[in-house]
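What follows is a short report on a single structure.
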Amino acid sequence: MTNSKTIPIHAYDKPAGGFGSLRGAASALQGNGALPALKTLPHVNQPQGIDCPGCAYPDSPDDKSVDFCEQGAWAIAHEATPKRATPEYFMQHTVTELRTREEWQLEAIGRLTAPMQYDAATDTYREIGWEQAFTLAGEALRSLDSPQRAVFYASGRSSNEAAFPYQLFARAFGTNNMPDSSNYCHESSGDALRLSLGVGKATVTREDFEHAQAIFVFGQNPATNHPRMLGDLREAKKRGARILVFNPLLERGLQQFTDPQSPAEMLTGASTTIADQYYQVRVGGDLAALTGIIKAVLAADEAEGGTVLDRAFIGEHTQGFDAMADVIRTQPWDAIEQASGLSRAQMEQVARVYIESDATIATWCMGLTQHEYAIETIQMLVNLMLLRGNVGKPGAGVMPVRGHSNVQGDRTVGITNRPKAEWLQGLQRVFGFTPPAQAGLDAVGAINGLLDGSVHAFTGLGGNFAVAGPDSPRVLAALSRCRLTVHIATKLNRTHLYPGRIGLLLPCLGRTEHDEQDNGQQFVSVEDTASMVHASTGRNRPASDKLRSEPYIVTELARHTLPDSPIDWRAMGRDYDVTRNYIEQVADGAVAGFADYNKNIRQRRGFHLPNTAALRIWKTDTGKANFVPHALPAETIMDRARAVYGDKVLCLATVRAHRQYNTTVYHDPRGEVDRYRGVHHTRKVLFIGAATLARLGFADGDVVNLRGASLDGIERVVTGYRLVQYPILGDDVFGYFPELTPLSPPCLTARGSNTPAFKEVPILIERP
Numbered sequence: 001m002t003n004s005k006t007i008p009i010h011a012y013d014k015p016a017g018g019f020g021s022l023r024g025a026a027s028a029l030q031g032n033g034a035l036p037a038l039k040t041l042p043h044v045n046q047p048q049g050i051d052c053p054g055c056a057y058p059d060s061p062d063d064k065s066v067d068f069c070e071q072g073a074w075a076i077a078h079e080a081t082p083k084r085a086t087p088e089y090f091m092q093h094t095v096t097e098l099r100t101r102e103e104w105q106l107e108a109i110g111r112l113t114a115p116m117q118y119d120a121a122t123d124t125y126r127e128i129g130w131e132q133a134f135t136l137a138g139e140a141l142r143s144l145d146s147p148q149r150a151v152f153y154a155s156g157r158s159s160n161e162a163a164f165p166y167q168l169f170a171r172a173f174g175t176n177n178m179p180d181s182s183n184y185c186h187e188s189s190g191d192a193l194r195l196s197l198g199v200g201k202a203t204v205t206r207e208d209f210e211h212a213q214a215i216f217v218f219g220q221n222p223a224t225n226h227p228r229m230l231g232d233l234r235e236a237k238k239r240g241a242r243i244l245v246f247n248p249l250l251e252r253g254l255q256q257f258t259d260p261q262s263p264a265e266m267l268t269g270a271s272t273t274i275a276d277q278y279y280q281v282r283v284g285g286d287l288a289a290l291t292g293i294i295k296a297v298l299a300a301d302e303a304e305g306g307t308v309l310d311r312a313f314i315g316e317h318t319q320g321f322d323a324m325a326d327v328i329r330t331q332p333w334d335a336i337e338q339a340s341g342l343s344r345a346q347m348e349q350v351a352r353v354y355i356e357s358d359a360t361i362a363t364w365c366m367g368l369t370q371h372e373y374a375i376e377t378i379q380m381l382v383n384l385m386l387l388r389g390n391v392g393k394p395g396a397g398v399m400p401v402r403g404h405s406n407v408q409g410d411r412t413v414g415i416t417n418r419p420k421a422e423w424l425q426g427l428q429r430v431f432g433f434t435p436p437a438q439a440g441l442d443a444v445g446a447i448n449g450l451l452d453g454s455v456h457a458f459t460g461l462g463g464n465f466a467v468a469g470p471d472s473p474r475v476l477a478a479l480s481r482c483r484l485t486v487h488i489a490t491k492l493n494r495t496h497l498y499p500g501r502i503g504l505l506l507p508c509l510g511r512t513e514h515d516e517q518d519n520g521q522q523f524v525s526v527e528d529t530a531s532m533v534h535a536s537t538g539r540n541r542p543a544s545d546k547l548r549s550e551p552y553i554v555t556e557l558a559r560h561t562l563p564d565s566p567i568d569w570r571a572m573g574r575d576y577d578v579t580r581n582y583i584e585q586v587a588d589g590a591v592a593g594f595a596d597y598n599k600n601i602r603q604r605r606g607f608h609l610p611n612t613a614a615l616r617i618w619k620t621d622t623g624k625a626n627f628v629p630h631a632l633p634a635e636t637i638m639d640r641a642r643a644v645y646g647d648k649v650l651c652l653a654t655v656r657a658h659r660q661y662n663t664t665v666y667h668d669p670r671g672e673v674d675r676y677r678g679v680h681h682t683r684k685v686l687f688i689g690a691a692t693l694a695r696l697g698f699a700d701g702d703v704v705n706l707r708g709a710s711l712d713g714i715e716r717v718v719t720g721y722r723l724v725q726y727p728i729l730g731d732d733v734f735g736y737f738p739e740l741t742p743l744s745p746p747c748l749t750a751r752g753s754n755t756p757a758f759k760e761v762p763i764l765i766e767r768p
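Residues in the sequence shown are numbered from 1 upward in steps of one, following full-length UniProt numbering.
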């Protein structure tokens with residue numbers, strides 16, 4: 001790719017979806033194993049089929065012959081690719097040379113085919129046997145002077161059957177140092193919802209979209225990140241639901257959408273206007289916007305004789321209303337307008353739509369979670385929903401849309417650095433050992449441990465840990481100083497290129513591949529963002545005979561590390577029914593809904609884990625849903641940075657491009673990078689408003705360097721970025737994740753959840 005300023009970047013004036021998505025799906029198959037992918041796609045997200053390894057958006061409750069999206073087609077095609085990253089390939093390319101490649105080039109090398117160990121003498125990965133790999137890892141872990149020196153990271157793509165033994169392994173080893181991808185994305189959602197509602201998950205299912213009268217969409221771009229959601233929004237809009245969008249960027253998919261599965265729209269060129277109103281809030285302005293909306297709802301209730309609020313619900317099911325309302329009423333409109341970027345009239349307009357709806361869904365993604373005041377913002381959104389009883393009734397509730405396909409399931413079966421006492425008690429009851437109780441390291445904690453040298457061993461169950469997190473160049477260098485790094489993966493990524501003293505790269509089966517164990521073909525299970533747990537059975541021939549399943553690799557690592565453990569690791573790695581039985585036993589008393597796990601997972605669509613808040617059972621400290629008062633922040637990240645660097649500081653929010661899934665960047669043969677933002681052939685762009693360009697003396701197309709306006713004294717710079725004029729308000733700017741994560745320091749996190757504030761990074765623009 002290039003960053004030449006001569007490359008045209010034009011606004012995309014067509015609807016999202018449509019023939020563009022069909023061409024995009026076809027492009028995914030070009031050069032990426034078209035035949036295996038075409039054989040696989042009809043089974044994706046189907047009952048007893050293959051769960052898409054992409055996003056966690058719920059499957060359709062109805063029978064649909066096609067329930068995958070363009071992004072899913074890319075994920076499937078890249079897993080089914082005929083390209084192979086063989087040991088011979090690695091012998092020909094040093095790790096130092098591979099580090100010079102871009103993300104899409106690493107992804108394009110293809111599937112890993114054999115276990116490998118890093119050889120420092122040749123600076124290459126070399127093939128080793130599985131038994132040797134497991135023995136090396138086990139000996140290295142046992143040699144640590146404390147279990148707290150080890151970190152066990154988990155990606156949200158791993159199945160329940162891999163995640164459960166992985167967390168059991170870490171705790172039997174003696175640590176809760178178990179960061180996961182949720183630390184990077186929706187930790188703020190879980191923390192906020194547990195405090196307010198008693199459960200950290202969505203209270204709605206996909207069926208609720210069929211009954212909602214209004215849907216509020218905050219901080220997300222479904223067309224790129226979870227396209228199947230656009231189909232639900234389209235159907236809701238066509239039956240009369242009001243859809244309001246709050247986003248600092250104008251995203252094409254939330255404006256116009258042509259459903260590729262609608263023959264009428266495809267044949268006529270018609271499209272559906274998704275958003276009735278699109279509110280361009282400032283980055284980080286959602287807390288103020290929600291404050292203004294609630295203020296307007298409270299004022300309307302007073303003006304209309306107390307008929308607006310659901311006082312019966314508030315009285316029976318909530319506590320803290322008066323304290324919350326008192327704080328909201330004291331917030332001045334001028335401060336709310338300034339912080340939100342919206343006018344009072346706009347917020348009153350939103351309030352009126354909310355008041356007129358008897359069933360409202362609020363949905364959000366990382367546009368709310370990756371901010372300093374993320375928890376406060378989400379709790380304010382819950383406050384709004386509680387005012388009219390919009391939790392625990394059909395067509396109403398809250399939905400944080402998760403990213404990785406099983407990040408929620410991993411949490412349910414124990415992947416967390418902050419385990420609940422009930423879960424630990426279950427482990428002790430079933431397995432007969434006392435697991436550690438103290439909280440372990442989360443993702444940012446692990447980063448700090450790597451940087452200060454207190455972490456000596458890193459094991460990764462999938463993922464691209466260092467690149468997905470802040471300060472990635474320094475974290476990558478720190479990984480290479482570890483005694484041990486172990487990565488379980490299907491493909492090469494940048495984190496793998498910084499191996500420790502002992503560096504192991506262990507290739508696993510993909511979600512789409514046949515998994516044959518001693519007891520026959522196995523299937524795994526995953527949980528979507530609406531708490532549906534369903535089976536996924538791979539069908540494709542494995543990319544190599546030397547691949548092993550994630551459950552097998554995890555349990556063999558545990559068996560070789562803990563040779564005296566009475567736990568039957570071997571059984572869990574070879575018969576996943578055994579693992580599911582263990583999950584059921586441990587979950588008894590800790591997680592409702594896992595009774596008869598092996599029976600229920602074999603049902604056509606799996607089963608639903610009950611959500612207590614959806615049932616209006618409040619597992620909070622008060623026994624009720626909590627209104628939580630929050631005033632507007634007196635100081636923000638940007639305030640602190642501007643106090644040091646002046647008014648040239650801009651607020652950077654990182655976003656994903658269309659040809660991308662999390663840190664996985666796909667290469668389109670046509671050069672398309674981000675269709676809906678009109679970007680081709682380069683990812684080194686910074687979207688910026690016309691007024692900011694003029695104020696700082698730059699012009700559209702200028703190539704600049706970006707410097708982090710950090711307060712920790714560490715220089716963070718990326719070079720060669722092209723400025724792209726875009727309809728953005730204020731001094732907010734946008735660029736692509738993960739290329740711009742090097743500008744974010746580890747100390748820049750959400751209060752309480754410690755999630756990196758990737759949507760609120762203070763930067764400076766400089767001429768080369």
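No residue lacks a Cβ here, since even glycine has one placed at the ideal position from N, Cα and C.
Check, Outcome
"Within 10 angstroms of the Cβ of T377, are there 16 or more other Cβ atoms? Answer buried if so, exposed if not.", "buried"
"When you compare each of R352, A299, A335, A303 to D326 by their alpha carbons, which one comes out closest?", "A299"
"Rounded to the nearest angstrom, what separates I293 and E348 at their Cα positions?", "6 Å"
"In whole angstroms, give me the CA-to-CA distance for V401 and L609.", "17 Å"
"Excluding the 5 residues preceding and the 5 following R99 in the sequence, name in chain order all residues of the same chain whose CB lies nearer than 6 Å to its CB.", "L497"
"If we call anything under 8 Å between Cβ atoms a contact, is N390 one with T40?", "no"
"CA-CA distance, P542 and A114?", "12 Å"
"Is A643 helix, strand or coil when you go by DSSP?", "helix"
"The beta strand (DSSP E) spanning A657 covers which residue range?", "No beta strand (DSSP E) holds A657; DSSP gives it neither H nor E."
"Excluding the 5 residues flanking M229 on each side, which residues of the same chain have their C-beta closer than 6 Å to its C-beta?", "Y57, P222"
"Check whether the Cβ atoms of P470 and P745 lie closer than 8 Å to each other.", "yes"
"Exposed or buried, Q92, counting other C-beta atoms within 10 Å across all chains shown (16 or more means buried)?", "exposed"
"Would you call the CB atoms of S549 and L509 closer than 8 Å?", "yes"
"Nearest to T555 by alpha carbon, out of L106, G520, L748, F164?", "F164"
"Quick one: grab the DSSP three-state call for S525.", "strand"
"When the Cβ atoms of the stretch 207-216 are set against those of the stretch 166-183, are three or more pairs found closer than 8 Å?", "no"
"Can you confirm whether the stretch 296-312 touches the stretch 392-408 when touching is taken to mean that 3 or more C-beta pairs between the two stretches lie within less than 8 Å?", "no"
"Going residue by residue through the stretch 236-306, where are the continuous alpha helix (DSSP H) segments of at least 4 residues, counting only ones entirely within it?", "263-268, 286-303"
"Which runs of the beta strand (DSSP E) at least 3 residues long sit entirely within the stretch 409-484? Give them in chain order.", "457-461"
"Straight-line CA distance for P8 to R683?", "13 Å"
"Beta-carbon within less than 8 Å of R656's beta-carbon, same chain only, minus the 5 sequence neighbours each way: which residues are those?", "N221, T224, N225, N662, Y736, F737"
"Along the beta strand (DSSP E) that carries R722, what are the first and last residues, could you check?", "717-725"
"For K14, which residues from the same chain have a beta carbon less than 7 Å from its beta carbon, with the 5 sequence-adjacent residues on both sides left out?", "G20"
"As a quick exercise: from K491, D596, V533, pick the residue whose alpha carbon is nearest that of F90.", "K491"
"Out of L384, R282, R352, point me to the one whose CA is closest to H630's CA.", "L384"
"Comparing C-alpha positions only, which one of G72, T636, I728, I714 sits nearest to Y373?", "T636"
"Taking Cβ positions, are P768 and T692 nearer each other than 8 Å?", "no"
"Under 6 Å Cβ to Cβ from R494, same chain only, skipping five residues before and after it: list those, please.", "V467"
"With three or more beta-carbon pairs closer than 8 Å as the criterion, would you say the stretch 517-528 touches the stretch 568-580?", "yes"
"One question on the structure: do S155 and L461 come within less than 8 Å of each other, judged by their Cβ atoms?", "yes"
"What would DSSP say about P507, mapped onto helix, strand or coil?", "strand"
"Do you know how far the Cα of A214 is from the Cα of S357?", "6 Å"
"Is it buried or exposed, S4, if we count other Cβ atoms within 10 angstroms and call 16 or more buried?", "Since pLDDT at S4 reaches only 48, below the 50 mark, its modelled position is unreliable, and no value is offered."
"With distances taken Cα to Cα, identify the nearest neighbour of G713 among S189, V644, L112, F734.", "V644"
"By the three-class DSSP mapping on this structure, what secondary structure does N225 have?", "helix"
"I'd like to know whether the C-beta atoms of N45 and D67 end up nearer to each other than 8 Å.", "yes"
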